[in-house]
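Each position in the sequence shown, counted from 1, maps to that position plus 923 in the numbering used here. Cβ atoms here follow ideal geometry from the backbone N, Cα and C, with glycine treated the same way. Scroll down for the structure; my scribbles are underneath it.
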Amino acid sequence: MLFSIAKPASLILFASASLAFPSKHGATKCPDQRAFDDFVKTLYVEKEVDAAFNKYVSPTFVNHDPNLPAGTTEQAFLNEIFPNVNITLERTLFQGDYGFVFIVVDGAPAPNDTSEIMDLWRIKDGKMQELWESLETLPAGFSI
Ligand SMILES: *[C@@H]1O[C@H](CO)[C@@H](O)[C@H](O)[C@H]1NC(C)=O
Ligand SMILES: *[C@@H]1O[C@H](CO)[C@@H](O)[C@H](O)[C@H]1NC(C)=O
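Here it is as structure tokens:
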């Protein structure tokens, strides 16, 4: 019997990647992606925590950040630590309702630590609705 074996389709998941700025394609991005890019620049690059939260984070956003100390808010926590850390923005991705940020942070969680942090934000109508965060403290001398 003759039968054909379907060749496995090679599935290439292509995630469009771009640094949040500078962008040559701002005009073609959807409003949520433009909001996300500006949010990333304001929060992680300029470290303007209040400006970023007031403009882009929903007051009812749900925080799944396991590193957030009890009894504080993400906004208050970042206001406390951001003046003492240096942040390198490694990568952002945006797809559907989600924006992803990959940063390397010198000075967190302890003053002599360096960590890689991955933040996933869900965005709707230009406002961040949810945050998931993952943090790995890097061994001394480890380069990503
Ligand atoms: C951040 O960078 C400044 C300037 O290079 C440096 O003096 C400071 O020690 C750095 N802080 C941390 C936590 O790495
Ligand atoms: C942090 O690093 C500095 C400079 O290397 C060192 O003097 C200090 O003891 C370190 N602090 C801790 C808590 O390890």
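N- and C-terminal bounds of the beta strand (DSSP E) containing residue i
| i | result |
| --- | --- |
| phenylalanine 1017 | 1009 to 1018 |
| asparagine 986 | 980 to 986 |
Cross-strand partners of residue i (DSSP beta bridge)
| i | result |
| --- | --- |
| isoleucine 1071 | In the structure as shown, the chain begins at 924 and stops at 1067. Residue 1071 is therefore absent and cannot be evaluated. |
| arginine 1045 | Tyr1021, Glu1053 |
| glutamate 969 | The partner list for glutamate 969 (beta bridge, DSSP) is empty, contrary to what the question assumes. |
Cα-Cα separation, residue i to residue j
| i | j | result |
| --- | --- | --- |
| valine 972 | asparagine 1035 | 22 angstroms |
| glycine 1022 | glycine 1049 | 11 angstroms |
| lysine 970 | glutamate 1013 | 15 angstroms |
| leucine 1001 | threonine 951 | 31 angstroms |
Residue i: first and last residue of the uninterrupted alpha helix (DSSP H) it sits in
| i | result |
| --- | --- |
| phenylalanine 959 | 954 to 963 |
| phenylalanine 1000 | 997 to 1004 |
CB-CB length for residue i against residue j, believed under 8 angstroms
| i | j | result |
| --- | --- | --- |
| glutamate 997 | asparagine 986 | 5 angstroms |
| leucine 1058 | isoleucine 1040 | 5 angstroms |
| leucine 1043 | phenylalanine 984 | Contact flag wrong, Cβ pair sits at about 13 angstroms. |
| threonine 1011 | valine 1027 | 4 angstroms |
Simplified DSSP state of residue i, which is helix, strand or coil
| i | result |
| --- | --- |
| leucine 991 | coil |
| phenylalanine 1065 | coil |
Cβ-heavy atom distance, residue i to ligand 3, below 8 angstroms
| i | result |
| --- | --- |
| alanine 999 | Annotation note on ligand 3: not contained in the displayed structure, which lists ligand 1 and ligand 2 as its ligands. |
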